[in-house]
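Asks:
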Amino acid sequence: MGSIKTILIATKHQGVCRVASKIFGSEGYAVHPARTLRNALVEISSSSVDLIVCGIDLEDIPGILFLRYLKNDPLREAIPFVFLIHQRNQERFDVDAALSLGAEDCLFYPAAAKQIITKIKKILAEKQSQNKMQNGSSAQSSRSIVEISSINTAWVTGQIVNHTHHGTMIETAYEGKSGDTVKLKYLFPEGVVVAVGKLTHILLGDQERPVGIGVNFGRDENWRRINRFLKSEGKEGRTKLNGKSKVTAGSDTEYTNSESLEEEVAPVDLTQAPFWPVTIETPNDGNIWMPGKILRYSDRKVLVRTPLLGKSGNDIYMKCVLIQGQIIVKGQIEKITLDDLKMPAGIEVVITDVEKWHQAFDFLNELTDTLLSEENIQGGKSQCRYDKRNMETLVLAQKPAPKKDIKFQFYESLIGKQMGNYEIVALLGAGAMGGVFEGWDLALERSVALKIISYELSSKKEFVDMFFKEARYISQLNHFNISQVYYIGKENDILYYAMEYVQGENLAEMIKREVRIPAEKAIDYLLAACQGLNHVWGRKIIHRDIKPANIMVTEEGSVKIVDFGVAQQYHIGHDQCMENTAGSPPYLSPEAIQGQTIDHRSDIYSLGATFYHVLSGVPPFLGRTVQDILSQHLSVIPQRLKDRHTDIPAGVSDVIEKMLAKAPSDRFQTYQEIINAL
Amino acid sequence: MSKILVNDCDNPTINAITNFMSSKAEIINRPFSRDLDITEFDMVLLGADGDRETILDKLKHIRYGARFRNIPILLLNPKKSRDQKQFPFLTGAASILSIEEPPEALAQMLQGYLMPSRQPKKFEMEYLTPFIESTKQVFSTMGSMTTNYKGVYFKNDYNLLGDVSGIIGLSGNAEGMVVITFYWDLAQKIISSIMGVEEEEISPELINDGVGELINMISGAAKRYLSESPYLFQLSLPTVFVGWQHEIGHPEKASVAVLMFDIEEKSFAIQVSLTAKDQQNRR
Chain A
602 MGSIKTILIA TKHQGVCRVA SKIFGSEGYA VHPARTLRNA LVEISSSSVD
652 LIVCGIDLED IPGILFLRYL KNDPLREAIP FVFLIHQRNQ ERFDVDAALS
702 LGAEDCLFYP AAAKQIITKI KKILAEKQSQ NKMQNGSSAQ SSRSIVEISS
752 INTAWVTGQI VNHTHHGTMI ETAYEGKSGD TVKLKYLFPE GVVVAVGKLT
802 HILLGDQERP VGIGVNFGRD ENWRRINRFL KSEGKEGRTK LNGKSKVTAG
852 SDTEYTNSES LEEEVAPVDL TQAPFWPVTI ETPNDGNIWM PGKILRYSDR
902 KVLVRTPLLG KSGNDIYMKC VLIQGQIIVK GQIEKITLDD LKMPAGIEVV
952 ITDVEKWHQA FDFLNELTDT LLSEENIQGG KSQCRYDKRN METLVLAQKP
1002 APKKDIKFQF YESLIGKQMG NYEIVALLGA GAMGGVFEGW DLALERSVAL
1052 KIISYELSSK KEFVDMFFKE ARYISQLNHF NISQVYYIGK ENDILYYAME
1102 YVQGENLAEM IKREVRIPAE KAIDYLLAAC QGLNHVWGRK IIHRDIKPAN
1152 IMVTEEGSVK IVDFGVAQQY HIGHDQCMEN TAGSPPYLSP EAIQGQTIDH
1202 RSDIYSLGAT FYHVLSGVPP FLGRTVQDIL SQHLSVIPQR LKDRHTDIPA
1252 GVSDVIEKML AKAPSDRFQT YQEIINAL
Chain B
1274 MSKILVNDCD NPTINAITNF MSSKAEIINR PFSRDLDITE FDMVLLGADG
1324 DRETILDKLK HIRYGARFRN IPILLLNPKK SRDQKQFPFL TGAASILSIE
1374 EPPEALAQML QGYLMPSRQP KKFEMEYLTP FIESTKQVFS TMGSMTTNYK
1424 GVYFKNDYNL LGDVSGIIGL SGNAEGMVVI TFYWDLAQKI ISSIMGVEEE
1474 EISPELINDG VGELINMISG AAKRYLSESP YLFQLSLPTV FVGWQHEIGH
1524 PEKASVAVLM FDIEEKSFAI QVSLTAKDQQ NRR
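Protein chains in written order, with the working numbering: chain A, 602 to 1279; chain B, 1274 to 1556.
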């Protein structure tokens, strides 16, 4: 495989990502996924990406535009780029356009993984040999040496001291006068590029001899390419050249060299762009941020479309998301326009925080170079096809459509409604079984937790029968460490039960916050959970869904086991339940996975897995798929806790290990045994 | 019995809805109309078999016809492919249902949407009443307008869309925010009346000043009513937003009361989300 190690998978489709990860992962490549342009650029900047495999679309940009962007970037253009497209999208995808923009190949799946790998290996091998050939000339290309000439005169050597998107300061003995048209020659590895600009001023040294010049290139495309390349080579410092600046065209006014480059450049109009490349938010008094779209910008001013109104003269802040992170730029409202009542307002902002704005300005320029190209705006057949799609992307980006599962919408629709004696106040969470709400008991005037069973389950007669039967048993549970069930009901065909409202945090939230819970505290929680579950077992009930999210710690520090939604009572005359698998994969016992009869020792296993997670910060088994995790429960011995973290007492590690024994008979047989062992 | 308005649905869909809902609600089938006042209905079911622009346009007009009332608008899709139709949520549809869903599940979903809204609790009316009174008073004194309070419900979804909103943050012993939301036609009339200008003279700055001042005065007057209560708060600076059918979001789990008001045939809403720091004790 040589030195090729990292493949970036850029796609919004999880399916493509899965397919590609599987194919390339199995060949030993490191696979980095990215779903947005920003994520992809961050990955490219932070990792040494050897190959980009791109799907038809990223979340915020079509793959073809991502390719165009990269191929216009001297730093990244050399990274081989391959499209991996599903055959059903073949019609939508313009292979010719992709290849003409510089894609190495377009692969279509489902195809044999072997074929894809063979092609990828070939591409990487070819690229590697090209790189070797080019390495010899790369040293020269990183230098900032240029040659300057006015039209029809000889070339003079100079060195770029600082540079921006639109201009540069060059240390050179070149003589001329302000306003002269000058050419700048720069040697790239692949050849010479000439940019044409206007000489803005000349710097004079001690002997009144020219030591440098300032040149403004306006929107010269070649200069932009040189500028990007110099930036990528790390030559973007704002070093000053010592000397005094002189504008010689009919004026004796002298400037410092930094001032002289601050002429406002012509604004860039984004109104015709396929989409606005960054999201800008505008706050009022620092606490309400609203989305905005940049319509036009220059190095001094921005026209933003935003729902936020304001007044001329008011300060305004704009939050800009750049590759390197988020910055907040201060400005002042100059003018507000509201041409169409159906559209948000247009606000013209004069930038007051110029230094910060330059970062956003450069970023915008780089993006717009790609996005505002002729082909993108007016262009050919292949590009037009993307414009509408991009606009849709924009609409969604500006006001993200809540991509709600239909069940989640159903739960949300219940907020503010009344069910029997209970008012539904707020949705606390939702899972496969149903939604959990904060409710209010009208009769007893107290908060309750309401579990509303999903309509899919509650429309099945067998489930409804089981639900009522089991719920009757569960409602008999009355223990300090168990959230008590108050009421079971059915309203408008909706099944629900009301239970004790526990204010606090569950162990899953606690793990999320603290990563690992200290052993001393975890042991207290485990002891309390054992006491609660011992009571449950005493009533011949199995919880069947013990996991961190179902163990709450109240604000006072008490432990409560919650959510008996899938709990079952042993069949009469038996000490075991016939299992129809329920529960969460990371915590499921082997016998539950295999659909065997289960008893309280299945809960003991799940409790062991739960506290393994609590103590170590990770569940006993991790896997790419549910099947991976389940198969490990059946056959793999988890790493010992004390080997993972030396601060976990050996005794505690041994207890958890025994709780996680594969065979129920090898585990603790009662909760009291666990309590004694702890 | 609840009333369901069915708009632009095909016959099989209407028959299916009638089959499993006729015992629970009165089904009224009418073609879509732009200027229909739908406040007499408890739910609207709109056929979603059409192009995107048409559906969005219909949704917008139905939403105007709902006049800020808590009337769920559900799209009925003949087929199960919902993924391509996420867009209507931007325009206030509560859900997209498919007639291909199991009838029991579909019936239960519809019944869920038809369930009655909860009534405000006593402690909630304690802080809502001052906002109702202050709104009436401010409109009367500033704009010589009579407002009719039409009731309160608790916002349960992103379905209260407006064209102009003024928002003010509340902080102190009680925290939250108050939002006033109008559609353009009433907003223009009110701003014109309050600021003493003709409707055609209304500029962005007048909208900013007028709506900002309105929400500031309503909240200020409510603050005075509540000065002796646990709901003591300070006001932030008002902020005004514009944009056709925008939605103001609220913090997750916040309880948001929507107070509905009419001025003649037009409506506006005030959303109040306020939590006293000792609210748990007050329950």
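Built from N, CA and C at the ideal position, the CB exists for glycine as well.
(1) Among Met1100/A, Ala704/A and Glu678/A, which has the Cα closest to the Cα of Gly1090/A?
(2) How about Thr1454/B and Phe1534/B: are their beta carbons less than 8 Å apart?
(3) Here's the rule: buried if 16 or more other CB atoms are within 10 angstroms of the residue's CB, otherwise exposed. What is Asp1324/B?
(4) Along the beta strand (DSSP E) that carries Arg906/A, what are the first and last residues, could you check?
(5) Should the stretch 662–674 of chain A be regarded as contacting the stretch 629–642 of chain A, the criterion being three or more beta carbon pairs within less than 8 Å?
(6) So, does the CB of His1519/B fall closer than 8 Å to a CB anywhere in chain A?
(7) Quick one: is the Cβ of Leu1547/B within less than 7 Å of any heavy atom of the ligand COA?
(8) Listing by chain order, which chain A residues have their CB less than 7 Å from the CB of Glu1377/B?
(9) With DSSP as the reference, label Asn1151/A as helix, strand or coil.
(10) Measuring only the C-alpha atoms, how far is Phe1514/B from Glu1472/B?
(11) On the CB-based measure, 16 or more other CB atoms within 10 Å of its CB, does Thr1408/B come out buried or exposed?
(12) So, using beta-carbon positions, are Arg693/A and Ile657/A closer together than 8 Å?
(13) Counting only the same chain and skipping the five closest in sequence on each side, list residues whose C-beta sits under 7 Å from that of His1334/B.
(14) When you compare the CB positions of Asn1022/A and Leu1051/A, do they come within less than 8 Å of one another, or not?
(15) Looking at the secondary structure, which residues open and close the beta strand (DSSP E) in which Trp756/A lies?
(16) Using the Cα positions of Val1317/B and Phe1064/A, report the straight-line distance between them to the nearest angstrom.
(17) So within the stretch 1193–1217 of chain A, which uninterrupted alpha helix (DSSP H) runs reach at least 4 residues, ignoring any that extend past its ends?
(18) Between Gly1017/A and the rest of its own chain, which residues show a CB-CB distance below 6 Å, the 5 nearest in sequence each way excluded?
(19) Buried or exposed for Ala1367/B, going by 16 or more other Cβ atoms inside 10 Å?
(20) List, in order along the chain, the chain A residues whose C-beta lies closer than 9 Å to that of Lys1428/B?
(21) Taking all protein chains shown into account, do 16 or more other C-beta atoms lie within 10 angstroms of the C-beta of Tyr987/A, making it buried, or fewer, making it exposed?
(22) Quick one: grab the DSSP three-state call for Tyr1087/A.
(23) May I ask you to list, following chain order, the residues of the stretch 1074–1106 of chain A that have a beta carbon less than 9 Å from some beta carbon of chain B?
(24) Note down, in chain order, each residue of its chain lying with its Cβ closer than 7 Å to the Cβ of Leu910/A, except the 5 sequence neighbours on either side.
(25) Using a Cβ-Cβ cutoff of less than 8 Å, which residues in the same chain neighbour Glu993/A once the five nearest sequence positions on both sides are dropped?
(26) Between Ser1207/A and Ala698/A, what straight-line distance do the alpha-carbon atoms span, to the nearest angstrom?
(27) Can you check whether the C-beta of Tyr1386/B is within less than 8 Å of a C-beta belonging to chain A?
(28) When you compare the CB of Leu666/A with every CB in chain B, is at least one pair closer than 8 Å?
(29) Counting only Cβ pairs nearer than 9 Å, list the residues of chain B close to Val1026/A.
(30) Would you identify the three-state DSSP class for Asp954/A, choosing helix, strand or coil?
(31) Output the residue ranges of the alpha helix (DSSP H) runs that lie fully inside the stretch 1075–1119 of chain A and measure 4 residues or longer, sorted by chain position.
(32) Flag Met1316/B as yes if its beta-carbon sits less than 8 Å from any beta-carbon of chain A, otherwise no.
(33) Below 8 Å on the Cβ atoms is my guess for Leu1547/B versus Gly1449/B; work out the distance and round it to an integer in Å.
(34) Could you list the residues in the stretch 907–919 of chain A with a C-beta less than 8 Å from some C-beta on chain B, going in chain order?
(35) Please list, in chain order, the chain B residues whose beta carbon lies closer than 9 Å to that of Phe1011/A.
(36) Spell out whether any CB of chain A is found under 8 Å from the CB atom of Gly1584/B.
Replies: Let me spell this out:
(1) Position 489 of the first sequence holds residue 1090/A. With distances taken between Cα atoms, Gly1090/A lies closest to Met1100/A.
(2) Numbered from 1 along the second sequence, position 181 holds the residue referred to as residue 1454/B. Numbered from 1 along the second sequence, position 261 holds the residue referred to as residue 1534/B. Not a contact, by the Cβ cut-off of 8 Å.
(3) Here residue 1324/B is taken as the residue at index 51 of the second sequence, counted from 1. Answer is exposed; the Cβ neighbour count stays below 16.
(4) As a working note, residue 906/A is residue 305 in the first sequence. Note, Arg906/A: beta strand (DSSP E), Lys902 to Thr907.
(5) With a cut-off of 8 Å, the stretch 629–642 of chain A and the stretch 662–674 of chain A count as touching, because enough Cβ pairs lie within range.
(6) By 1-based counting over the second sequence, the position of residue 1519/B is 246. Yes, His1519/B counts as interfacial toward chain A.
(7) Absent from the structure shown: the ligand COA. Ligands present: none.
(8) Translated into the one-based positions of the second sequence, residue 1377/B becomes position 104. The answer, in chain order, is Ser1060.
(9) Here residue 1151/A is taken as the residue at index 550 of the first sequence, counted from 1. Helix.
(10) Walking along the second sequence from the start, residue 1514/B turns up at place 241. Walking along the second sequence from the start, residue 1472/B turns up at place 199. Cα to Cα, Phe1514/B sits roughly 18 Å from Glu1472/B.
(11) Start at 1 with the first residue of the second sequence, and residue 1408/B comes out as number 135. By the neighbour-count rule (16 or more Cβ atoms within 10 Å), Thr1408/B is buried.
(12) Here residue 693/A refers to the residue found at position 92 when the first sequence is read from its first residue. Here residue 657/A refers to the residue found at position 56 when the first sequence is read from its first residue. Yes, these two residues count as a Cβ contact at 8 Å.
(13) Here the question's residue 1334/B lines up with position 61 in the second sequence. Within the same chain, His1334/B has close Cβ partners Arg1307.
(14) Taking the first residue of the first sequence as position 1, residue 1022/A is located at position 421. Taking the first residue of the first sequence as position 1, residue 1051/A is located at position 450. Going by C-beta atoms, Asn1022/A is not nearer than 8 Å to Leu1051/A.
(15) For the purposes of this step, residue 756/A is taken as the residue at position 155 of the first sequence. Here Trp756/A belongs to no beta strand (DSSP E), and DSSP marks it neither H nor E.
(16) The residue given as residue 1317/B occupies position 44 in the second sequence. The residue given as residue 1064/A occupies position 463 in the first sequence. Each residue's Cα considered, the two are about 31 Å apart.
(17) Counting whole runs of 4 or more residues, the stretch 1193–1217 of chain A contains the alpha helix (DSSP H) stretches 1201–1217.
(18) As a working note, residue 1017/A is residue 416 in the first sequence. No residues qualify anywhere along the chain.
(19) The count along the second sequence starts at 1 and reaches residue 1367/B at position 94. The residue is buried, with at least 16 neighbouring Cβ atoms inside 10 Å.
(20) Within the second sequence, numbered from 1, the residue matching residue 1428/B stands at position 155. Here the neighbours are Ile1016 and Gly1017.
(21) As a first step, residue 987/A is located in the first sequence; it is residue number 386 there, counting from the start. At Tyr987/A, the pLDDT of 28 sits below 50, so the modelled position is not reliable and the matter cannot be decided from this model.
(22) In the first sequence, residue 1087/A corresponds to position 486, counting from 1. If DSSP states are grouped into helix, strand and coil, Tyr1087/A belongs with the strands.
(23) With the criterion set as a beta carbon lying under 9 Å from some beta carbon of chain B, the members of the stretch 1074–1106 of chain A are Glu1092, Asn1093, Asp1094, Ile1095 and Gln1104, in sequence order.
(24) By 1-based counting over the first sequence, the position of residue 910/A is 309. Same-chain partners within the cutoff: Ile937 and Ala946.
(25) The residue you call residue 993/A lines up with position 392 of the first sequence. Below a pLDDT of 50, predicted positions are generally treated as unreliable, and Glu993/A, at 30, falls in that range; the measurement from the model is reported next regardless. Within the same chain, Glu993/A has no close Cβ partners at all.
(26) Taking the first sequence and counting its residues from 1, the one referred to as residue 1207/A is at position 606. Taking the first sequence and counting its residues from 1, the one referred to as residue 698/A is at position 97. Rounded to the nearest angstrom, the two C-alpha atoms are 54 Å apart.
(27) Position 113 of the second sequence, counted from the start, is the residue given in the question as residue 1386/B. So yes, Tyr1386/B belongs to the interface.
(28) Within the first sequence, residue 666/A is the residue found at index 65, counting from 1. Not an interface residue.
(29) Here residue 1026/A corresponds to residue number 425 of the first sequence, with the count starting at 1. Going along chain B in sequence order, the residues near Val1026/A (Cβ under 9 Å) are Arg1391, Phe1427, Lys1526 and Ser1528.
(30) Against the first sequence, residue 954/A aligns to sequence position 353. Asp954/A falls in the coil class under three-state DSSP.
(31) 1108–1115
(32) The residue you call residue 1316/B lines up with position 43 of the second sequence. Answer no: the Cβ-Cβ gap between Met1316/B and chain A never drops below 8 Å.
(33) For the purposes of this step, residue 1547/B is identified with residue 274 of the second sequence, where counting begins at 1. For the purposes of this step, residue 1449/B is identified with residue 176 of the second sequence, where counting begins at 1. Contact holds; Cβ gap of about 4 Å.
(34) Pro908, Leu909, Leu910, Gly911, Lys912 and Ser913
(35) Counted from its first residue, the first sequence places residue 1011/A at position 410. Taking a Cβ-Cβ threshold of 9 Å, the residues of chain B close to Phe1011/A are Ser1368, Gln1381, Met1382, Gly1385 and Tyr1386, in chain order.
(36) No statement about residue 1584/B is possible, as the shown extent of chain B runs from 1274 to 1556 and does not include it.
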